[in-house]
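Input: a single structure, listed below in structure tokens.
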Ligand SMILES: NC(=O)c1ccc[n+]([C@@H]2O[C@H](COP(=O)([O-])OP(=O)(O)OC[C@H]3O[C@@H](n4cnc5c(N)ncnc54)[C@H](OP(=O)(O)O)[C@@H]3O)[C@@H](O)[C@H]2O)c1
């Protein structure tokens, strides 16, 4: 397929910047390559933002679980925008392949989708699916620099009385065991690259949430696992951190709101839970993950809050009749 003018301009600029080993002096590069043509010059200027962004994670290899939608999609997109080679997995192949194509056409890095159900019993026991994904990443792109464990699910409101052991175990398979297994099988490569792991936990993992004992306990486990793994892997030069989002507007949140008795109220409540009065975005999630992977090189075992201040201040929390204090 012939390259668009924008792609052509970007290619010329890429080559020049590699030769100059610096983004500056770009004015000279613009002038030389646009032959004084104002349209071409504009194309070149537009493409600079990609070049500058690309330098933040250029040619690094990332593996993102659950990368086809929501927070994972935000992470895959931002990493590819910044020049990384990203392998991502999910269950729905059509959605994954579509995103792979979009990103590869649009941004300087590259992406590669692999179908994988991180919760399948056979995947967990025989590690086939997980090994397949990890090996695919290594085979396609070389060693892994960053593993992002993100695939997870949040069941609708649940009371402990109604939850079976099988349901609890099934949630742990997706939300906890998959994180452990991906880390286990990616670590030999991560130790070689002195790479890092980012685990998606949740603010509720440290502060709780009503009607969600199983989910909250899985997210608490991720924070604890992150710290324990950070301790063990420091000697190998691998950093292990987690991100705890508050409310980020994703298909998961939208589905939970749709399942609520009053969808509008649930949606507004979700925004109001943050001091900032809005949901976080998928892109903001990607930005934090990129910062941890690329720049936060003196951090390990940290639980990064992505919450718009949701954990701050007092609020109306009780669900029983409040009592007046006794007279002093
Ligand atoms: N959104 C929030 O406000 C929020 C808050 C706190 C924590 N988190 C955590 O952040 C992570 C991402 O949440 P999200 O809101 O982005 O979720 P989401 O919108 O439901 O997206 C989940 C992604 O994971 C994939 N996935 C789900 N189950 C999978 C499985 N068994 N195997 C492989 N891929 C699977 C999904 O694709 P397929 O369905 O095609 O497999 C999708 O790409 C989760 O761990 C969640 O607990 C989210």
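Numbering (our numbering), first residue to last: 21 to 348. The beta-carbon is built from N, C-alpha and C at its ideal position, and this holds for glycine as well. For clarity, every value in this text was computed on a predicted model and none was experimentally measured.
Residue 220: CB within 7 Å of a non-hydrogen atom of ligand 1: As a first step, residue 220 must be located in the chain shown, where it is residue number 200. Residue 220 Cβ: within cutoff of ligand 1.
With DSSP collapsed to three states, give me the class of residue 182. Mapped onto the chain shown, residue 182 falls at position 162. Correct three-state label for residue 182: helix.
When every heavy atom of ligand 1 is checked, does at least one fall within less than 7 Å of the C-beta of residue 347? The residue labelled residue 347 in the question sits at position 327 within the chain shown. In terms of side-chain proximity, the C-beta atom of residue 347 is found no nearer than 7 Å to any non-hydrogen atom of ligand 1.
Return the first residue and the last residue of the alpha helix (DSSP H) that residue 213 is part of. As a working note, residue 213 is residue 193 in the chain shown. Per DSSP, the continuous alpha helix (DSSP H) segment holding residue 213 begins and ends at 198-213.
Measuring straight from C-alpha to C-alpha, what distance separates residue 235 and residue 191? The residue you call residue 235 lines up with position 215 of the chain shown. The residue you call residue 191 lines up with position 171 of the chain shown. Annotation: residue 235 to residue 191 spans about 7 Å, alpha carbon to alpha carbon.
Coarse secondary structure for residue 140, derived from DSSP in three states: As a working mapping, residue 140 is identified with position 120 in the chain shown. Coil.
Please state whether DSSP places residue 175 in a helix, a strand or coil. The count along the chain shown starts at 1 and reaches residue 175 at position 155. If DSSP states are grouped into helix, strand and coil, residue 175 belongs with coil.
According to DSSP, simplified to helix, strand and coil, what is residue 230? Counted from its first residue, the chain shown places residue 230 at position 210. Residue state, collapsed to three classes: coil.
Taking 7 Å as the cut-off, is the CB of residue 271 close to at least one heavy atom of ligand 1? Indexing the chain shown from 1 puts residue 271 at position 251. Yes, since a heavy atom of ligand 1 falls inside the 7 Å radius drawn around the Cβ of residue 271.
What is the residue span of the beta strand (DSSP E) that residue 320 lies within? Against the chain shown, residue 320 aligns to sequence position 300. No beta strand (DSSP E) holds residue 320; DSSP gives it neither H nor E.
For residue 372, which residues of its own chain have a beta-carbon under 8 Å away from its beta-carbon, when the five flanking residues on both sides are left out? This structure leaves residue 372 out entirely; the chain is present only between 21 and 348.
CB of residue 348 within 8 Å of CB of residue 326, strictly: Counted from its first residue, the chain shown places residue 348 at position 328. Counted from its first residue, the chain shown places residue 326 at position 306. No, they are not a contact pair.
Please check the pair residue 293 and residue 232, which I expect to be a contact at CB under 8 Å, by giving their CB distance rounded to whole angstroms. For the purposes of this step, residue 293 is identified with residue 273 of the chain shown, where counting begins at 1. For the purposes of this step, residue 232 is identified with residue 212 of the chain shown, where counting begins at 1. Not confirmed; about 14 Å, so no contact.
Hey, is residue 89 close to ligand 1, as in C-beta under 7 Å from one of its heavy atoms? If you number the chain shown from 1, residue 89 lands on position 69. For residue 89, the shortest C-beta to heavy atom distance toward ligand 1 is below 7 Å.
Residue 328 (DSSP reduced to helix, strand or coil): Numbered from 1 along the chain shown, position 308 holds the residue referred to as residue 328. Here DSSP, grouped into helix, strand and coil, assigns residue 328 to coil.
I want to check one thing, is the minimum distance from the CB of residue 85 to the heavy atoms of ligand 1 below 7 Å? Mapped onto the chain shown, residue 85 falls at position 65. Indeed, a heavy atom of ligand 1 lies less than 7 Å from the Cβ.
N-terminal and C-terminal residue of the beta strand (DSSP E) that residue 81 is part of: Mapped onto the chain shown, residue 81 falls at position 61. Where residue 81 is concerned, the enclosing beta strand (DSSP E) stretches over 81-85.
Which value, in whole angstroms, describes the spacing of the CA atoms of residue 126 and residue 303? Numbered from 1 along the chain shown, position 106 holds the residue referred to as residue 126. Numbered from 1 along the chain shown, position 283 holds the residue referred to as residue 303. Cα to Cα, residue 126 sits roughly 16 Å from residue 303.
Can you list, in chain order, the residues of its chain whose CB lies under 7 Å from that of residue 209, leaving out five sequence neighbours each side? Indexing the chain shown from 1 puts residue 209 at position 189. Excluding five sequence positions before and after residue 209, the CB atoms of its chain that fall closer than 7 Å to its own CB belong to 158, 163, 164, given in chain order.
With a threshold of 16 other CB atoms inside 10 Å of the CB of residue 267, please say whether the residue is buried or exposed. Here the question's residue 267 lines up with position 247 in the chain shown. Around the CB of residue 267, 16 or more other CB atoms lie within 10 Å, so the residue is classed as buried.
Would you mind stating whether residue 203 and residue 217 have Cβ atoms separated by less than 8 Å? Reading the chain shown from its first residue, position 183 is the one you call residue 203. Reading the chain shown from its first residue, position 197 is the one you call residue 217. Yes, Cβ-Cβ distance for residue 203 and residue 217 is below 8 Å.
Does residue 325 come within less than 8 Å of chain B when only Cβ atoms are used? This model lacks chain B altogether; it includes just one protein chain.
Report the option in 282, 284, 311 whose CA atom is closest to the CA atom of residue 76. Position 56 of the chain shown, counted from the start, is the residue given in the question as residue 76. Checked all of 282, 284, 311; the closest Cα to residue 76 is 311.
On the criterion of 16 or more Cβ atoms from any shown chain inside 10 Å, does residue 148 qualify as buried, or is it exposed? Within the chain shown, the letter at position 128 stands for residue 148. Caution is warranted here: a pLDDT of 36 is assigned to residue 148, below 50, making its placement in the model unreliable, and no coordinate value can be reported.
Supposed close pair residue 115, residue 136 - CB separation, criterion 8 Å: The count along the chain shown starts at 1 and reaches residue 115 at position 95. The count along the chain shown starts at 1 and reaches residue 136 at position 116. No, residue 115 and residue 136 are not in contact; Cβ-Cβ is about 13 Å, not under 8 Å.
Does the beta carbon of residue 268 fall short of 7 Å from some heavy atom of ligand 1? Counting from 1 along the chain shown, the entry for residue 268 is found at position 248. Flag set: Cβ of residue 268 near ligand 1.
Which first and last residues belong to the alpha helix (DSSP H) in which residue 119 is found? Within the chain shown, numbered from 1, the residue matching residue 119 stands at position 99. From DSSP, the alpha helix (DSSP H) with residue 119 extends over 113-126.
Report, in whole angstroms, the separation of the C-beta atoms of residue 211 and residue 257, which I expect to be a contact under 8 Å. Here residue 211 refers to the residue found at position 191 when the chain shown is read from its first residue. Here residue 257 refers to the residue found at position 237 when the chain shown is read from its first residue. About 7 Å separates the two Cβ atoms, so the contact holds.
Do you know offhand how far residue 130's Cα is from residue 109's? Looking up residue 130 in the chain shown gives position 110. Looking up residue 109 in the chain shown gives position 89. Separation of residue 130 and residue 109 (C-alpha to C-alpha, rounded to the nearest whole angstrom) is 14 Å.
Just to confirm before moving on: does the CB-CB distance between residue 321 and residue 260 stay below 8 Å? In the chain shown, the residue the question calls residue 321 occupies position 301. In the chain shown, the residue the question calls residue 260 occupies position 240. Closer than 8 Å, so yes.
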